[in-house]
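Working notes for the structure below.
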Amino acid sequence: MKKLTDAQQEAILEAGIAAFAAQGYHEASMAAIAREAGLSVGVLYKYYENKYALFDACLRHSLAALEALLQEVTAREKALLHYAREIIRGLQRFAREHGDHIRMYHRLTTASGDHAEALARGIEGMTARLYTDFITRGQQAGDLRGDMDPRFFAFFFDNLLMMLQFSYCCDYYRARRSLYLGEAAGEDSVVEEELLKFLESAFTFEQSAISHREREKEGET
8 MKKLTDAQQE
18 AILEAGIAAF
28 AAQGYHEASM
38 AAIAREAGLS
48 VGVLYKYYEN
58 KYALFDACLR
68 HSLAALEALL
78 QEVTAREKAL
88 LHYAREIIRG
98 LQRFAREHGD
108 HIRMYHRLTT
118 ASGDHAEALA
128 RGIEGMTARL
138 YTDFITRGQQ
148 AGDLRGDMDP
158 RFFAFFFDNL
168 LMMLQFSYCC
178 DYYRARRSLY
188 LGEAAGEDSV
198 VEEELLKFLE
208 SAFTFEQSAI
218 SHREREKEGE
228 T
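Using the numbering used here, read the sequence shown as starting at 8 and increasing by one per residue.
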């Protein structure tokens, strides 16, 4: 059998991602994926023994692209807000250029049953480590508040970024973003700046430095 070219393998994976994003795992058709990739279904089964093997390859392909983006940003020694700015920009760009990847991921977040925990570990494990590590480094450098648990703040940070990506690609979340932001919803730079303001206050102000808490204490006495 003639070996598939890199371009043909890429076409299979992108066709698979598009199908899984649009129809979900159970409804996606191997025949339709092969047809979209310009190959026979027989050739597809020569490379992937079943639909789950193809699905797993599609997921790994998508995660590799996202991991490369995040590793590039977090490998550089910068303050957290510089990291955050570059991550936000990168994810905005990734969501616009690879919408099917994000829509496939969105479908996976609703998975249940035996595969749910394995999928969560496979998808979230990398980002959990990266975000927790750079928040910890920021604390050690004295750039971030010392009264937070890096694990919790990494989780909250990732939740914000996950919803941001969904708002670029998924109809419901796109409509939700427009409802909240109005005309500014389509302005990436505005979204970036406002989110950074939110993050800066969350990551830098310790509870003891927040003025309204002192007023609340005075009112209690």
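Each residue gets a CB set at the ideal place from its N, CA and C atoms; glycine is no exception.
Quiz item: So L77 and T134 are in contact, right, with Cβ under 8 Å, and what is the actual spacing, rounded?
Solution: Approximately 7 Å separates the beta-carbon atoms of L77 and T134; this is inside 8 Å, confirming the contact.
Quiz item: Whose CA, out of E34, A161, G149, lies closest to the CA of K85?
Solution: It is G149 whose Cα lies nearest to the Cα of K85.
Quiz item: Can A64 be considered in contact with the ligand GTP, in the sense that its beta carbon sits closer than 8 Å to one or more heavy atoms?
Solution: The ligand content of the structure shown is nil, which means the ligand GTP is not present either.
Self-check item: Burial state of T139, where buried means 16 or more other Cβ atoms lie within 10 Å
Solution: Label assigned to T139: buried.
Quiz item: Under the rule that 16 or more other beta-carbon atoms within 10 Å means buried, what is Q214, buried or exposed?
Solution: The residue is exposed, with fewer than 16 neighbouring Cβ atoms inside 10 Å.
Exercise. Please name the residue, chosen from G189, A39, Y90, that lies closest to L137 on a Cα-to-Cα basis.
Key: Comparing Cα positions, the closest option is Y90.
Quiz item: By the 10 Å Cβ neighbour count, where 16 or more other Cβ atoms means buried, how is H108 classified, buried or exposed?
Solution: Looking at its Cβ environment, which holds 16 or more other Cβ atoms inside 10 Å, H108 is buried.
Self-check item: Backbone CA spacing between L87 and I142 [nearest angstrom]
Solution: For L87 and I142, the distance between alpha carbons rounds to 7 Å.
Quiz item: Can you give the Cα-Cα distance for Y175 and R96, rounded to whole angstroms?
Solution: Within the model, the alpha-carbon separation for Y175 versus R96 is close to 12 Å.
Exercise. Tell me whether the beta-carbon of A28 lies closer than 9 Å to the beta-carbon of E43.
Key: Cβ atoms of A28 and E43: not closer than 9 Å.
Quiz item: Just how far apart, CA to CA, sit T117 and Y179?
Solution: Straight-line Cα distance between these residues: approximately 15 Å.
Quiz item: For R92 versus L203, is the C-beta spacing smaller than 9 Å?
Solution: Yes. Within cutoff.
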